[in-house]
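Just so we're aligned, residue 223 is where the sequence shown starts under this note's numbering, counting upward by one. Structure, as structure tokens:
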Amino acid sequence: MITQTELSSRAALCRQLAQREPNSKVYWLAEAERWSRLRPIHLERTGRVDDPLEQFLARIEKRHGS
Numbered sequence: 223m224i225t226q227t228e229l230s231s232r233a234a235l236c237r238q239l240a241q242r243e244p245n246s247k248v249y250w251l252a253e254a255e256r257w258s259r260l261r262p263i264h265l266e267r268t269g270r271v272d273d274p275l276e277q278f279l280a281r282i283e284k285r286h287g288s
């Protein structure tokens, strides 16, 4: 899982790249904005059949034969 610190670090790196690469400034600032808006989420497996996360993971496991 990505921590809030890592998300903030990625946003800061994008801001630095915006300064160093003026031709791509808009792109890097947009990326910085995207990283700064993200929040870490905690997904815990419940084992319940009606849980959408469990259903999704079961489909992935079935496809990949895990």
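Even glycine gets a Cβ: it sits at the ideal position worked out from N, Cα and C.
* Would Leu-239 pass as a contact of Ser-231 if the rule is Cβ separation under 9 Å? -> No; because the gap between Cβ atoms is not below 9 Å, this pair is not in contact.
* Every unbroken alpha helix (DSSP H) within the stretch 225-277, with a cutoff of 4 residues, ordered by chain -> If we require 4 residues or more, the alpha helix (DSSP H) runs fully inside the stretch 225-277 come out as 226-242 and 247-259.
* Closer than 6 Å by C-beta to Trp-250: which residues in its own chain qualify, once you throw out the five before and the five after it? Chain order, please. => In chain order, Cys-236, Leu-239 and Ala-240 place their CB closer than 6 Å to the CB of Trp-250, counting only its own chain and leaving out the 5 sequence neighbours on each side.
* CA-CA distance, Arg-242 and Glu-228? -> 21 Å
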